[in-house]
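K.L.:
Questions regarding the structure given below will be posed in turn.
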Amino acid sequence: MTPPAAAATLPPLTLRLYIASESPNSVAATKNLYAALARHPALQVNLEVVDLLRDPERGIRDGVMFTPMLVRSEPTPERRLLGSLGNRSALLSLLGVEESAP
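Here you go:
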């Protein structure tokens, strides 16, 4: 885990989580993302959750073909992570924090 002082120096994150309502993978992705963010409260995050079943045109405009998908648009470069976000190392890498030792 990144120490609080180091996390505070990280730039703010702009994240967008694309989901498909209450599908099992979308529910898991939402849960996993919120859990990771809760473990790193020093992160400054601007999060938008986009339900593509309610707003399918948004997915077309944003070029999203699969859900769930987490997109980090800031800081650049843009990064995308597909699936339930259960791969903790990949999720933390996208968030810019290091995994703590067990």
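Just so we're aligned, residue 6 is where the sequence shown starts under our numbering, counting upward by one.
The beta-carbon is built from N, C-alpha and C at its ideal position, and this holds for glycine as well.
Evaluate the contact criterion for the region 13-25 versus the region 70-87: three or more CB pairs, one atom per stretch, below 8 Å.
P.N.:
Because the criterion of three Cβ pairs below 8 Å is met, the region 13-25 and the region 70-87 touch.
K.L.:
By the DSSP assignment, the alpha helix (DSSP H) with Val50 in it spans what residues?
P.N.:
Within the sequence shown, residue 50 is the residue found at index 45, counting from 1. Counting along the chain, Val50 falls outside any alpha helix (DSSP H), though it belongs to the beta strand (DSSP E) covering Val50 to Asp56.
K.L.:
Identify every run of the beta strand (DSSP E) within the region 70-102, keeping only runs that are complete inside it and at least 3 residues long; order them along the chain.
P.N.:
The region 70-102 contains these whole beta strand (DSSP E) runs: 74-79 and 84-87.
K.L.:
Exposed or buried, Ala34, counting other C-beta atoms within 10 Å across all chains shown (16 or more means buried)?
P.N.:
For this step, residue 34 is matched to residue 29 along the sequence shown. Flag for Ala34 reads buried.
K.L.:
So the alpha helix (DSSP H) Arg63 belongs to, where does it begin and stop?
P.N.:
For this step, residue 63 is matched to residue 58 along the sequence shown. From DSSP, the alpha helix (DSSP H) with Arg63 extends over Pro61 to Asp67.
K.L.:
Under 7 Å, do Leu100 and Leu86 count as touching if we go by C-beta distance?
P.N.:
Position 95 of the sequence shown, counting from 1, holds the residue named residue 100. Position 81 of the sequence shown, counting from 1, holds the residue named residue 86. In this structure, Leu86 does not lie closer than 7 Å to Leu100 by Cβ.
K.L.:
Can you list, in chain order, the residues of its chain with a C-beta nearer than 6 Å to that of Leu52? Leave out the 5 residues immediately preceding and following it.
P.N.:
Walking along the sequence shown from the start, residue 52 turns up at place 47. If we look at Leu52 and ignore the five residues flanking it on each side, its Cβ neighbours are Leu20.
K.L.:
Rounded to the nearest angstrom, what separates His66 and Ile24 at their Cα positions?
P.N.:
Locating residue 66 in the sequence shown gives position 61, counting from the first residue. Locating residue 24 in the sequence shown gives position 19, counting from the first residue. Checking the sequence, you will find Arg at residue 66 rather than His. So the alpha carbons of these two residues sit roughly 15 Å apart.
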